[in-house]
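I have placed the structure first, in the form of structure tokens, so that the comments after it can refer back to it.
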Amino acid sequence: MAHSKVGIWLDHREAALVEISDKGISTRFIQSGVEEHIDEKRGSRSKTPYGPQGVFAEDKADRRSQNLLNQYYSEVASGVNNAERLYIFGPAEAKQEFAKYLDQHQNHKPEKVEVESADKMTETQIIETVKKHFRYKPDLF
């Protein structure tokens with residue numbers, strides 16, 4: 001995996017890792033397991049008759065979501081351990097959160113890390129974006 005370049009498209013639900021190395025291009029997808037919407041069924045009934053229903057411990061859900069995100073970012077980070085260059089892109093805040101996570105938790109940091117905004121993409125679009133970013137030409141790599 002020497003001299004690899006990794007592009008990661010990610011949001012809070014999934015990450016697509018595209019690695020370009022002397023062996024070619026490989027892709028890997030990682031699901032976060034973080035639920036975006038609070039499930040109504042996780043609420044609890046009031047212990048008093050006619051009391052409020054659907055009471056939900058929001059801080060508990062926030063802690064659970066943060067733990068799942070940390071596990072997710074850890075798994076994604078394991079895919080960039082030997083990257084020489086890293087390109088992180090995607091919608092919303094996840095890309096910045098992941099870059100910060102890498103900065104705080106990664107022992108071996110890539111020489112160059114770039115972060116950009118991008119919309120939702122298909123697998124083909126993600127691969128093409130990474131190839132274009134790193135100016136990939138199969139015969140020249």
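Quick note: the sequence shown, position 115, residue 115 per full-length UniProt numbering, numbers continuous. Glycine included, every Cβ here is placed at the ideal spot set by N, Cα and C. Since we're looking at a predicted model, the values are computed, not measured.
Practice problem: Please go through the same chain and pick out, in chain order, the residues whose beta-carbon is closer than 8 Å to the beta-carbon of valine 34, but skip the five residues on each side of it. | Solution: Numbered from 1 along the sequence shown, position 34 holds the residue referred to as residue 34. Excluding positions up to five away in sequence, the list reads His12, Arg13, Ser65, Leu68, Leu69 and Tyr72.
Self-check item: Per-residue burial, alanine 92 [other beta carbons within 10 Å of its own, 16 or more giving buried]
Solution: Within the sequence shown, residue 92 is the residue found at index 92, counting from 1. With fewer than 16 other Cβ atoms within 10 Å, it is exposed.
Quiz item: Under the rule that 16 or more other beta-carbon atoms within 10 Å means buried, what is lysine 100, buried or exposed?
Solution: Taking the sequence shown and counting its residues from 1, the one referred to as residue 100 is at position 100. Classification of lysine 100: exposed, given that the 10 Å Cβ count is below 16.
Practice problem: Return helix, strand or coil for arginine 28, following the three-state DSSP convention. | Solution: On the sequence shown, position 28 is the one that residue 28 refers to. Of the three classes helix, strand and coil, the one that applies to arginine 28 here is strand, per DSSP.
Quiz item: Does the distance from the CB of glycine 7 to the CB of threonine 129 come in under 8 Å?
Solution: In the sequence shown, residue 7 corresponds to position 7, counting from 1. In the sequence shown, residue 129 corresponds to position 129, counting from 1. Yes, these two residues count as a Cβ contact at 8 Å.
Practice problem: Mind checking which residues open and close the alpha helix (DSSP H) that includes arginine 64? | Solution: Within the sequence shown, the letter at position 64 stands for residue 64. The continuous alpha helix (DSSP H) containing arginine 64 extends over residues 58 to 78.
Quiz prompt | Secondary structure of lysine 131, DSSP reduced to three states | solution = Position 131 of the sequence shown, counted from the first residue, corresponds to residue 131. If DSSP states are grouped into helix, strand and coil, lysine 131 belongs with the helices.
Quiz item: With distances taken between CB atoms, is the gap from glutamine 104 to alanine 77 smaller than 8 Å?
Solution: Walking along the sequence shown from the start, residue 104 turns up at place 104. Walking along the sequence shown from the start, residue 77 turns up at place 77. Cβ atoms of glutamine 104 and alanine 77: not closer than 8 Å.
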